[in-house]
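Chemist:
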Ligand SMILES: Cc1cc2nc3c(=O)[nH]c(=O)nc-3n(C[C@H](O)[C@H](O)[C@H](O)COP(=O)(O)OP(=O)(O)OC[C@H]3O[C@@H](n4cnc5c(N)ncnc54)[C@H](O)[C@@H]3O)c2cc1C
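Numbering (this note's numbering), first residue to last: 623 to 951.
#1: According to DSSP, simplified to helix, strand and coil, what is residue 805?
#2: Less than 8 Å separating the beta-carbons of residue 883 and residue 858?
#3: Is the separation between the beta-carbon of residue 904 and that of residue 913 shorter than 8 Å?
#4: Do residue 807 and residue 699 count as a contact pair if the criterion is CB distance below 8 Å?
#5: For residue 928, name the three-state secondary structure that DSSP assigns.
#6: Nearest to residue 671 by alpha carbon, out of 682, 839, 943, 844?
#7: Taking the alpha carbon of residue 679 as the point to measure from, which residue in 776, 917, 729, 941 has its own alpha carbon closest?
#8: Can the beta-carbon of residue 755 be found closer than 8 Å to that of residue 773?
#9: Quick check: the stretch 700-714 against the stretch 759-768, are at least 3 beta-carbon pairs closer than 8 Å?
#10: What residue does the alpha helix (DSSP H) around residue 698 start on, and which one ends it?
#11: Quick check: is the beta carbon of residue 701 nearer than 8 Å to any beta carbon in chain B?
#12: Please list, in chain order, all residues of the same chain as residue 741 whose beta carbon is under 8 Å from its beta carbon, the five residues on each side excluded.
#13: Rounded to whole angstroms, what is the Cα-Cα separation between residue 676 and residue 868?
#14: Ignore the nearest five residues each way along the sequence and tell me which others in residue 895's own chain have a CB closer than 6 Å to its CB.
#15: Could you pull out every residue in the same chain whose Cβ sits closer than 7 Å to the Cβ of residue 933, ignoring the five residues on either side in sequence?
#16: If you reduce the DSSP assignment to three classes, tell me which class residue 751 lands in.
#17: How is the beta strand (DSSP E) around residue 797 delimited, first residue to last?
#18: At a cut-off of 7 Å, is residue 689 close to ligand 1 when judged by its beta-carbon and the heavy atoms of the ligand?
#19: Let me know the beta strand (DSSP E) ranges lying completely inside the stretch 798-877, each 3 residues or longer, listed in chain order.
#20: Let me make sure I understand the geometry here. Which of 809, 693, 853, 787 has the alpha-carbon closest to that of residue 662?
#21: When burial is assigned at 16 or more other CB atoms within 10 Å of the CB, is residue 657 buried or exposed?
#22: Compare the C-alpha of residue 891 against each of 878, 906, 685, 874 and name the closest.
#23: To which residues does DSSP link residue 679 through a beta bridge?
#24: Under the rule that 16 or more other beta-carbon atoms within 10 Å means buried, what is residue 703, buried or exposed?
#25: In this structure, does DSSP put residue 790 in helix, strand or coil?
#26: Enumerate in chain order the residues of its own chain whose CB-to-CB distance from residue 790 is below 7 Å, with the five nearest sequence positions on each side excluded.
#27: One question on the structure: do residue 801 and residue 837 come within less than 8 Å of each other, judged by their Cβ atoms?
#28: For the alpha helix (DSSP H) containing residue 894, name the first residue and the last one.
#29: Name, in chain order, the residues that DSSP records as bridge partners for residue 746.
#30: Let me make sure I understand the geometry here. Which of 915, 889, 949 has the alpha-carbon closest to that of residue 928?
#31: In the DSSP assignment, find the unbroken beta strand (DSSP E) run with residue 771 in it and report its ends.
#32: First and last residue of the alpha helix (DSSP H) that includes residue 946?
#33: Is DSSP giving residue 936 helix, strand or coil here?
#34: Determine the contact status of residue 944 and residue 655, defining contact as a CB-CB distance below 8 Å.
#35: Can you grab the Cα-Cα spacing for the pair residue 626 / residue 887, in whole Å?
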């Protein structure tokens, strides 16, 4: 006779089996990566994402890889494909909310120095995807190239800024892009003029499927002191209008050009609202800050509370600008 308490044993067994199969794929991929990638690559297991995001929350990535060349990146993609593992590109983690269970598969970062070079010749800046935006802004200033001052206060890498078409102070990233170099998920390299790359507000859709390797950036000749003055002006504006606690920048996209999400949240009286150690900043309503011990679950709870309030009080559907990735704990 059937045991009446064991109504559906199969799904539990299936879950255990698939977890074991996944663990085996990870072990095999880890071994493959160690064998195939040159010694200058970083390959780690169970890398905590809280350490690699500005919000300081999130569980571990199964595998974390910093390839040291385009060939090593292509090999990483091939191994991921052979082992059936997803690949997630990580920049400086300044627009990410990683859930507490972490990220399954391989997290690839182009933080290796070979992907972070910034070279200037004939008024053109060639920068790798791993280069920090702040570094690019300062190199451009030193070379007397204006127009990239808005990069100064965005705490991301060029790769993340290209994917997000990050913008500030009336400019966005693709205003300054001349050419984009990227790699398909099958390792093919494309070198495209910017006019052939469609972009929109806070997104370059091509880079949802391709990996940005770098770009040629353009500005206009300008006096280094004038550039410095504009950078200081932008920087002062940030210091007085943005919180200093860990955050991922603006949580929501502006629902309308005439309705900034921060103003809406302020008008709803939600500044200072808390879920655990996650709080709507009292300086800027669209920045959600980590007061120290926040979990991703706290952050997600706060996001949902604010979205619900905006919907009920004003009929506005808020869409996150912060990208939410990974699995629940
Ligand atoms: C204090 C603060 C202020 C901020 N101010 C601004 C601002 O003024 N304007 C603004 O637009 N943003 C702002 N941000 C958000 C963030 O800095 C930008 O979106 C930035 O461009 C993200 O870059 P990242 O390298 O950190 O990317 P990540 O956050 O690591 O990743 C963002 C996305 O880019 C993808 N990605 C990363 N690298 C690559 C690559 N090489 N190829 C393809 N995809 C890739 C990731 O998979 C992910 O989808 C701010 C954030 C903070 C914390």
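Backbone N, C-alpha and C fix where the C-beta goes; we use that ideal spot for every residue, glycine too.
Modeler: Put simply:
#1: strand
#2: Taking 8 Å as the cut-off, the Cβ atoms of residue 883 and residue 858 do not count as close.
#3: no
#4: yes
#5: For residue 928, the secondary structure class from DSSP, reduced to helix, strand or coil, is helix.
#6: 682
#7: 917
#8: yes
#9: no
#10: 692-705
#11: Within the model displayed, chain B is absent; a lone protein chain is all it includes.
#12: Correct list, in chain order: 747, 748, 749.
#13: 6 Å
#14: 902
#15: 939
#16: Residue 751: coil per DSSP, three-state reduction.
#17: From DSSP, residue 797 is part of no beta strand (DSSP E); its letter is neither H nor E.
#18: no
#19: 799-805, 811-815, 833-840
#20: The option with the nearest alpha carbon to residue 662 is 693.
#21: It is exposed - the Cβ of residue 657 has fewer than 16 other Cβ atoms within 10 Å.
#22: 906
#23: None; residue 679 has no bridge partner.
#24: exposed
#25: Judged by DSSP in its simplified three-state form, residue 790 adopts strand.
#26: 772, 775, 776
#27: yes
#28: Note, residue 894: premise wrong, no alpha helix (DSSP H); not H, not E.
#29: 743, 840
#30: Ranking 915, 889, 949 by Cα distance to residue 928 puts 889 first.
#31: Per DSSP, residue 771 belongs to no beta strand (DSSP E) and is neither H nor E.
#32: In the DSSP assignment, residue 946 falls outside any alpha helix (DSSP H) and within the unbroken beta strand (DSSP E) covering 945-947.
#33: It is helical.
#34: no
#35: Because residue 626 sits at a pLDDT of 46, beneath the cut-off of 50, its placement in the model cannot be relied upon, and the point is left open.
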